[in-house]
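Numbering (our numbering), first residue to last: 365 to 442. Yeah, the Cβ is synthetic: ideal placement off N, Cα and C, and Gly gets one too. On a predicted model such as this, the values are computed, not experimentally measured, just so you know.
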């Protein structure tokens with residue numbers, strides 16, 4: 365229902381950015397973080413701390429202004 369959606373939904377969009385080089389991942393994450401209208405809510409650095417299965421990625425949950433709405437957006441940089 366609508367109440368559960370507002371209470372349980374943690375993001376409204378997701379983006380994935382795929383990079384050829386690890387240095388590009390950190391450069392893009394820095395650019396995203398430095399935007400004045402973006403607030404970084406959480407970061408999970410699976411490059412520095414890979415998962416036991418070998419998964420490596422850099423996850424950011426950010427809050428960005430969206431026309432007529434503001435909410436968190438999940439960004440994966442791989």
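Kindly give me the distance between the Cβ atoms of residue i and residue j, rounded to whole angstroms, as I take these residues to be in contact under 8 angstroms.
i           : j           : result
residue 420 : residue 414 : 5 angstroms
residue 392 : residue 381 : 6 angstroms
residue 425 : residue 402 : Wrong, their Cβ atoms sit about 11 angstroms apart, outside the cutoff.
residue 389 : residue 411 : 7 angstroms
Name the one or two DSSP bridge partners that residue i has.
i           : result
residue 368 : DSSP output for residue 368 lists no bridge partner at all.
residue 417 : None, per the DSSP bridge assignment.
Run through DSSP, which three-state label would residue i get?
i           : result
residue 422 : strand
Would you kindly report the start and end of the unbroken alpha helix (DSSP H) that includes residue i?
i           : result
residue 458 : Outside the displayed range of the chain (365 to 442) lies residue 458, so it cannot be described from this structure.
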